[in-house]
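Trainee: In my numbering, the protein residues as written are 5 to 72. Ideal Cβ placement from N, Cα and C applies to all residues, glycine included. Being a predicted model, the structure only gives us computed values, none of them experimental. Dropping a structure here in structure tokens format, bear with me for questions.
Structure representation (structure tokens):
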């Protein structure tokens, strides 16, 4: 501490409100990242369900004829 400021390891002096603001921004960033992770997990579960349903599905019958 130097007066009312905190010296960071980088040598930068910051005021208490800057520290609080930085922590708030980090928390907001984590919330948006968590929402992205939730959405990605939902997509992964749906894709896995589709993949498994294709594996479990009986093979399609082919008539041996080709469409030209």
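Can you name the start and end residues of the alpha helix (DSSP H) that residue 20 belongs to?
Mentor: Locating residue 20 in the chain shown gives position 16, counting from the first residue. Taken as a continuous stretch (DSSP letters only), the alpha helix (DSSP H) holding residue 20 covers 20-60.
Trainee: Using the Cα positions of residue 29 and residue 23, report the straight-line distance between them to the nearest angstrom.
Mentor: On the chain shown, position 25 is the one that residue 29 refers to. On the chain shown, position 19 is the one that residue 23 refers to. C-alpha separation (whole angstroms): 10 Å.
Trainee: Out of curiosity, what's the CA-to-CA distance linking residue 35 and residue 56?
Mentor: For the purposes of this step, residue 35 is identified with residue 31 of the chain shown, where counting begins at 1. For the purposes of this step, residue 56 is identified with residue 52 of the chain shown, where counting begins at 1. Cα to Cα, residue 35 sits roughly 32 Å from residue 56.
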